[in-house]
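*Asks:* If you scroll down you'll find the structure; I have some questions about it.
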Amino acid sequence: MIPIKYRNFFLILIITLLILLSRNKLYFQHSQCRAEQSNQEWDSIAIYNVKSNDNLTRIARKFYSQTDAFPLSSFTSQIRGLNNISNNTIRTGQKLKIPLNRRTSLLEKIQPDTIRGIYIQPYYLNSAKAIEIVKHYKETNCNAIVVDFKNMRGELFYPSKNEIAQQVNIISLVISHPEKMISFCHKHNISLIARFVVFHDIAIANAFQEWTPIADTTRKQSVSDDEKKWLNPYLPEVQAYQLALLKEVLSFGVDEIQLDYIRFPTESKYTDRSFSLPDSVKREDVIVDFLRKVRILTDEYNTKLSADVFGIIAFQRSVDIASTGQNIKRMAKYLDRINPMIYPSHFFGRFEGKKYPGKEPYYFVHQTCKRIKGICPASLKVSPFLQAFSLWHSQFNPAYLLSQLQALKDCDITDGFLLWNAASKYEKSWPALKLWNSGTKYIPLENNDY
């Protein structure tokens, strides 16, 4: 028998030992969790005291520049896992461990000869949807993605230091860390193509009236306010602005620059406008010379250069060359790749004798590619943009895309393709790409409801 006076002592001792064992067990479990997380090999771990108005996303943004995680949602998940947070609930005063890693590596440039991919708005690639896109890419054998760095409105989606852009306030930091986005793509063997809209620039056209097409040679009258969408490609200051921005984009390490709206405006409202061109200078001279200047920059950064052209330009009618300035034979000298935008629904009227061009995707893709192959030199790669959206008489579905892909194959286009959907909605495209990868020959049914 233990004397009564010692019983309480032993009872307290036993309880204390049980508490210590319990704590050690918890510590061991926590250490195991840390070991699993340490596979990431953090450079360091910061301690952050949670404030009253904090949430995990806001905290992640504070430290986002100090990690190579991408996108932001992945970094948030890392913080959640490192701190054993089962949901997004955190407490004021709670000490959070923040994993820091500055080992972002752009790796070697990825510049495949044959590209297969989609255009995507930067908002999507900079969100949790990036993980979904990678999953689809692996399932469909895609290897390139086109992302806006500058759009038709003149918005810049990256952290530009350009004084004019800052003055006009057109910088939207959707791509806040371009190197991370590029590195993320490279880790998944995806080539990142920076789409750069050139002379269609609403913001700058409204901010600098003297940079727009004019109604007479005195340059005192410009287009009306609702028409200020285009810049004058001939003006040195316009070209200098675009080249300065392109140099910024190139400095991030993108794999390819894709120039869009690299032409003169063709809308009827601009037919009577002056671009101040001397009689000895054609519009195609201006476009080709600008491409020459861009090529000097892309060569400096070991970056490929491509350009988007109207599908109708493949027919190279003299009237179209004269109005747009897009002479493919001359442009080819400075390009690695050309992307004819072959959207059947955009061939209006009874084009080529077809009542509803949008309902005959195979025919128009095949005819356009056949013509453009006859124009382009062997050194120029041809990777058309295909229609991945519904418009007018065309109702997009997997069969519609398969018709276009079959047309490319039958026309012996081997440099790949890109899909265009301005809203970045490709739910109907992924099934078609999976089916196409199976190797099944698709027999298109023209002039039918797709």
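Just so you know, we're using the numbering used here here: the sequence shown kicks off at 11 and counts up by one.
A virtual CB, placed ideally from N, CA and C, is assigned to each residue, including glycine.
#1: What residues in its chain sit with their C-beta under 8 Å from that of tyrosine 541, if we drop five residues either side in the sequence?
#2: Cα-Cα, which of Glu173, Lys292 and Arg205 is closest to tyrosine 244?
#3: Could you tell me which of Ala138, Glu149 and Ser182 sits nearest to aspartate 158, measuring between CA atoms?
#4: Do you know how far the Cα of glycine 321 is from the Cα of threonine 77?
#5: Thinking phenylalanine 194 and phenylalanine 85 are a contact (beta carbons under 8 Å), I'd like their distance in whole angstroms, please.
#6: Since serine 87 is in the alpha helix (DSSP H), which residue starts that stretch and which ends it?
#7: What does the alpha-carbon distance come out to for the pair asparagine 65 and leucine 106?
#8: Does serine 393 pass the burial test, meaning 16 or more other C-beta atoms within 10 Å, or should it be called exposed?
#9: As a quick exercise: from Met162, Ala154, Gly91 and Gln326, pick the residue whose alpha carbon is nearest that of lysine 314.
#10: Considering Cα atoms alone, identify which of Ala317, Arg340 and Pro350 is closest to proline 387.
#11: Using a Cβ distance threshold of 8 Å, determine whether the region 122 to 134 contacts the region 208 to 217, with at least three qualifying pairs required.
#12: Whole angstroms is fine: what's the gap from threonine 102's alpha carbon to glutamine 177's?
#13: Checking 9 Å against the spacing of the C-beta atoms, do glutamine 249 and phenylalanine 300 come in under that value?
#14: Please name the residue, chosen from Trp240, Ser316 and Pro354, that lies closest to arginine 283 on a Cα-to-Cα basis.
#15: Taking Cβ positions, are glycine 335 and arginine 381 nearer each other than 9 Å?
#16: Give me, in chain order, the residues of the same chain whose beta-carbon lies closer than 8 Å to that of asparagine 136; leave out the 5 immediate sequence neighbours on both sides.
#17: Take phenylalanine 167 and list the residues in its own chain whose beta-carbon comes closer than 7 Å to its own, dropping the five residues that flank it on each side.
#18: Can you say whether valine 329 is buried or exposed, counting buried as having 16 or more other CB atoms within 10 angstroms of its CB?
#19: Here's the rule: buried if 16 or more other CB atoms are within 10 angstroms of the residue's CB, otherwise exposed. What is leucine 8?
#20: For aspartate 64, name the three-state secondary structure that DSSP assigns.
#21: Can you tell me where the beta strand (DSSP E) holding valine 319 begins and where it ends?
#22: Would you tell me roughly how many angstroms separate the C-alpha atoms of serine 62 and tyrosine 271, rounded to the nearest one?
#23: Out of Arg112, Asp309 and Ser75, point me to the one whose CA is closest to aspartate 53's CA.
#24: Apart from the five residues on each side of it in sequence, which residues of its chain come closer than 7 Å, Cβ to Cβ, to threonine 276?
#25: Taking DSSP's pairing of strands, which residues face threonine 99 in a bridge?
#26: In the structure shown, what three-state DSSP assignment does arginine 273 receive?
#27: Can you give me the Cβ contacts of asparagine 98 inside the same chain, cut-off strictly under 6 Å, excluding the 5 residues immediately before and after it?
#28: Using CA atoms only, rank isn't needed, just tell me which of Pro288, Lys303 and Leu443 is closest to glutamine 416.
#29: Does DSSP classify glycine 263 as helix, strand or coil?
#30: Taking 9 Å as the threshold (C-beta atoms), are serine 413 and proline 350 in contact?
#31: Assign threonine 334 to one of three DSSP states: helix, strand, or coil.
#32: Going by beta carbon distance, what residues of the same chain come within less than 7 Å of alanine 254, once the five residues before and after it are set aside?
#33: Please return the same chain residues whose Cβ sits closer than 8 Å to the Cβ of tyrosine 344, not counting the five positions on each side in sequence.
#34: Quick check on alanine 442: does DSSP put it in helix, strand or coil?
#35: If I follow the unbroken alpha helix (DSSP H) through proline 109, where does it start and stop?
*Replies:* Short version:
#1: This structure does not reach residue 541, given that the chain is present from 11 up to 460, and the question cannot be answered.
#2: Taking the sequence shown and counting its residues from 1, the one referred to as residue 244 is at position 234. When each option's Cα is compared against that of tyrosine 244, the closest is Lys292.
#3: As a first step, residue 158 must be located in the sequence shown, where it is residue number 148. Nearest C-alpha to aspartate 158: Ser182.
#4: On the sequence shown, residue 77 is found 67 positions in, with the first residue counted as 1. On the sequence shown, residue 321 is found 311 positions in, with the first residue counted as 1. Near 43 Å, if we compare the C-alpha coordinates of glycine 321 and threonine 77.
#5: Locating residue 194 in the sequence shown gives position 184, counting from the first residue. Locating residue 85 in the sequence shown gives position 75, counting from the first residue. Their Cβ separation, rounded to whole angstroms, is 12 Å, which puts phenylalanine 194 and phenylalanine 85 out of contact at 8 Å.
#6: In the sequence shown, residue 87 corresponds to position 77, counting from 1. Counting along the chain, the alpha helix (DSSP H) containing serine 87 begins and ends at 82 to 92.
#7: As a working mapping, residue 65 is identified with position 55 in the sequence shown. As a working mapping, residue 106 is identified with position 96 in the sequence shown. Taking the straight line joining both Cα atoms gives about 11 Å.
#8: As a first step, residue 393 must be located in the sequence shown, where it is residue number 383. Classification of serine 393: buried, given that the 10 Å Cβ count is 16 or more.
#9: As a first step, residue 314 is located in the sequence shown; it is residue number 304 there, counting from the start. Of the candidates Met162, Ala154, Gly91 and Gln326, the one whose C-alpha sits nearest the C-alpha of lysine 314 is Ala154.
#10: On the sequence shown, residue 387 is found 377 positions in, with the first residue counted as 1. Nearest C-alpha to proline 387: Arg340.
#11: no
#12: Counted from its first residue, the sequence shown places residue 102 at position 92. Counted from its first residue, the sequence shown places residue 177 at position 167. Looking at the two C-alpha atoms, the distance is approximately 40 Å.
#13: Start at 1 with the first residue of the sequence shown, and residue 249 comes out as number 239. Start at 1 with the first residue of the sequence shown, and residue 300 comes out as number 290. Contact: yes.
#14: Residue mapping note: residue 283 aligns to position 273 of the sequence shown, counting from 1. Per the Cα distances, Trp240.
#15: Here residue 335 refers to the residue found at position 325 when the sequence shown is read from its first residue. Here residue 381 refers to the residue found at position 371 when the sequence shown is read from its first residue. Cβ distance not < 9 Å, so glycine 335 and arginine 381 don't count as in contact.
#16: Counting from 1 along the sequence shown, the entry for residue 136 is found at position 126. So the qualifying residues of the chain are Pro81, Leu82, Val184, Ile185, Ser186 and Met191.
#17: Residue numbering aside, residue 167 sits at position 157 when the sequence shown is read from its first letter. For phenylalanine 167, where only same-chain residues beyond five positions count, the Cβ hits under 7 Å are Pro132, Asp158, Phe159, Ser182, Val184 and Ile185.
#18: Within the sequence shown, the letter at position 319 stands for residue 329. Exposed.
#19: No statement about residue 8 is possible, as the shown extent of the chain runs from 11 to 460 and does not include it.
#20: Indexing the sequence shown from 1 puts residue 64 at position 54. It is coil, neither helix nor strand.
#21: The residue labelled residue 319 in the question sits at position 309 within the sequence shown. Unbroken beta strand (DSSP E) run through valine 319: 314 to 320.
#22: Translated into positions along the sequence shown, residue 62 becomes position 52. Translated into positions along the sequence shown, residue 271 becomes position 261. Straight-line Cα distance between these residues: approximately 48 Å.
#23: Translated into positions along the sequence shown, residue 53 becomes position 43. Closest by alpha carbon: Arg112.
#24: The residue given as residue 276 occupies position 266 in the sequence shown. If we look at threonine 276 and ignore the five residues flanking it on each side, its Cβ neighbours are Ser333 and Thr334.
#25: As a position in the sequence shown, residue 99 is number 89, starting the count at 1. None; threonine 99 has no bridge partner.
#26: In the sequence shown, the residue the question calls residue 273 occupies position 263. Coil, per DSSP.
#27: Working through the sequence shown from its first residue, we reach residue 98 at position 88. Closer than 6 Å at the Cβ level, and outside the excluded window around asparagine 98, lie Leu66.
#28: For this step, residue 416 is matched to residue 406 along the sequence shown. Checked all of Pro288, Lys303 and Leu443; the closest Cα to glutamine 416 is Leu443.
#29: Along the sequence shown, one-based indexing puts residue 263 at 253. Glycine 263: coil per DSSP, three-state reduction.
#30: To locate residue 350, count along the sequence shown from 1; it is residue 340. To locate residue 413, count along the sequence shown from 1; it is residue 403. No. Outside cutoff.
#31: On the sequence shown, position 324 is the one that residue 334 refers to. It is helical.
#32: In the sequence shown, residue 254 corresponds to position 244, counting from 1. If we look at alanine 254 and ignore the five residues flanking it on each side, its Cβ neighbours are Asn172.
#33: Counted from its first residue, the sequence shown places residue 344 at position 334. Hits under 8 Å: Val298, Leu301, Arg302, Val304, Arg305 and Leu315.
#34: The residue you call residue 442 lines up with position 432 of the sequence shown. It is helical.
#35: By one-based count along the sequence shown, residue 109 stands at place 99. Looking at the DSSP string, proline 109 is not in any alpha helix (DSSP H); the run it does join, the beta strand (DSSP E), is 105 to 110.
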